[in-house]
Amino acid sequence: MLINRRKLAVSVILKIDQELLDNQKLKIEFHLETDKEKKYEYSYYIYRDGKVTYRKDKYSLLIPKYCECLEIPLVFSGAYRVLLFLKEDGKVIQKISTKERVYDARKATEIFTIFENEKVFFHDIPIKYMFEKHNQSNQLAIVFSGIYKDEFRGIKDAAKYNYIRTLEPLKINKLFILDNYFGKFCYYLGEGGNSLYESATLALITKIMNQLNVPKKNVLTIGSSKGGTAALYFGLKYGYQHIIVGAPQIFPGKYLKNVLSKRSTFISKRLFEIINEEEPFSFERFNRLITNELIMCDHKPNISIHIGSGDTLYQTDILPFQKLCIKQGINPFIEVSDYSDHGLTGTYFSPFLLQRLDKLL
37 MLINRRKLAV SVILKIDQEL LDNQKLKIEF HLETDKEKKY EYSYYIYRDG
87 KVTYRKDKYS LLIPKYCECL EIPLVFSGAY RVLLFLKEDG KVIQKISTKE
137 RVYDARKATE IFTIFENEKV FFHDIPIKYM FEKHNQSNQL AIVFSGIYKD
187 EFRGIKDAAK YNYIRTLEPL KINKLFILDN YFGKFCYYLG EGGNSLYESA
237 TLALITKIMN QLNVPKKNVL TIGSSKGGTA ALYFGLKYGY QHIIVGAPQI
287 FPGKYLKNVL SKRSTFISKR LFEIINEEEP FSFERFNRLI TNELIMCDHK
337 PNISIHIGSG DTLYQTDILP FQKLCIKQGI NPFIEVSDYS DHGLTGTYFS
387 PFLLQRLDKL L
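Take a look at the structure:
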């Protein structure tokens, strides 16, 4: 009898033949395979970003071996999937889901993710992120990314997440945010002097904080090099209490113009894509991004900085920043290690990060 039931179970199969995004629509082709002469009907739900946005409650007749096609207009940006229901003689006997596909409605393009738990947040523009939730934690660590080596060559979508493995053992809520403004880094700001990426990043952070009910005093911003600059910027500007950074660029304009531009013509070009050359003082605004927020800061965050003694940023950026912090009544904790290569920052910053987190958590 058990064998017969198994045969019966596979004698009716709803199969999805094709899923594609075409002409601002999600098209799904499917058919029913069966050797039984019964009445079959189908219905479906449309999900966007995990929420049901449409329910087709009325079932439609489904003819065996006949290809059916759904065309779903993609009006809004988001992660879409469709859940199909199959009824046999009025009873649901099968549910089958399409793959989740991320669509940017403004650009009319599909956005591809790499990691299983990578998501895309839309706030006028798309932002890729990874979020790890820990129910026992009331703190949130936000990790910003540095410049990956392939980005120096102008390769699109080359940005990488940082310190995922380093933070893996810690039972704390973690938000890893990619700096990827339509394929290029932008210091989590935007292009042409705009702040679209900054606004979207802040909206994502605020959404996660609200979901977790985490206050600003329990938020930690983390990053090294460019990621450190972003961690300082968001921490100072938006009132997050703990900032842990490695070799941050306090004067990012000068660093891109005088240091990184010598290594890459793309970096030189990218600098002037981020700022708006036609606006007065656009370079100065970008270059004084951190010092301006420090002066305007109305809270006193805990700032921890790691730097190599031979890293050029130690003399040109970190020491002047330390003096300005003290003037503002903030005494940053600074660890200086014996190395010169800025490229080794991640190696030395990882243990420093864990040590500082151990004291804070």
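When we follow my numbering, the leftmost residue of the sequence shown carries the number 37, and every step to the right adds one. C-beta atoms are modelled at their ideal positions from N, C-alpha and C, and glycine is treated no differently.
- Asp-140 and Ser-376 have their alpha carbons spaced roughly 43 Å apart.
- DSSP places Asn-328 in no beta strand (DSSP E) but in the uninterrupted alpha helix (DSSP H) bounded by 325-332.
- Look at the beta carbons and you see the stretch 179-189 touching the stretch 294-312: at least three pairs across the two are nearer than 8 Å.
- Arg-299: not part of any beta strand (DSSP E); DSSP gives it neither H nor E.
- Looking at Phe-158, Arg-137 and Phe-157, the one whose alpha-carbon comes closest to that of Phe-148 is Arg-137.
- Separation of the CB atoms of Tyr-83 and Leu-119 is rounded to 7 Å, and the pair is thereby assigned contact status at 8 Å.
- About 5 Å separates the CB atoms of Lys-92 and Ser-79; that is less than 8 Å, so the two are in contact.
- For secondary structure counted as the alpha helix (DSSP H) over 4 or more consecutive residues, the stretch 54-128 holds no complete run.
- Going by beta carbons, Ile-161 and Leu-50 fall outside the 8 Å limit.
- Its Cα nearest to that of Leu-176, the residue Gly-271 stands out among Phe-218, Glu-107, Gly-271 and Leu-62.
- Exposed is the label assigned to His-335, since fewer than 16 other Cβ atoms lie within 10 Å of its Cβ.
- A distance of 8 Å or more separates the beta carbons of Phe-151 and Leu-211.
- The three-state secondary structure of Gln-285, taken from DSSP, is coil.
- Counting C-beta pairs with one atom in each stretch, the stretch 317-336 and the stretch 374-394 have fewer than three that are closer than 8 Å, which means they do not touch.
- Residue pairing by DSSP places Ala-177 opposite Lys-210 and Leu-256 in a beta bridge.
- Rounded to whole angstroms, Lys-169 and Gln-364 show a C-alpha spacing of 35 Å.
- In this structure, Ser-181 sits near Asn-198, with a CB-CB distance shorter than 8 Å.
- Shown here, Gly-344 sits in a strand according to DSSP, grouped into three states.
- When Cys-361, Tyr-217, His-342 and Ala-266 are compared, the shortest CA-CA separation from Asn-323 is found for Ala-266.
- Annotated three-state conformation of Thr-145 is strand, per DSSP.
- For Phe-167, the uninterrupted beta strand (DSSP E) run begins and ends at 161-168, by DSSP.
- Shown here, Gln-277 sits in coil according to DSSP, grouped into three states, outside any helix or strand.
- Distances from the alpha-carbon of Lys-252 to those of His-342, Pro-109 and His-278 put His-278 closest.
- Buried is the label assigned to Glu-234, since at least 16 other Cβ atoms lie within 10 Å of its Cβ.
- Judged by DSSP secondary structure, Asp-394 falls within the alpha helix (DSSP H) whose first and last residues are 381-396.
- Your pair Tyr-81 and Val-88 checks out as a contact, with CB atoms roughly 5 Å apart and the cut at 8 Å.
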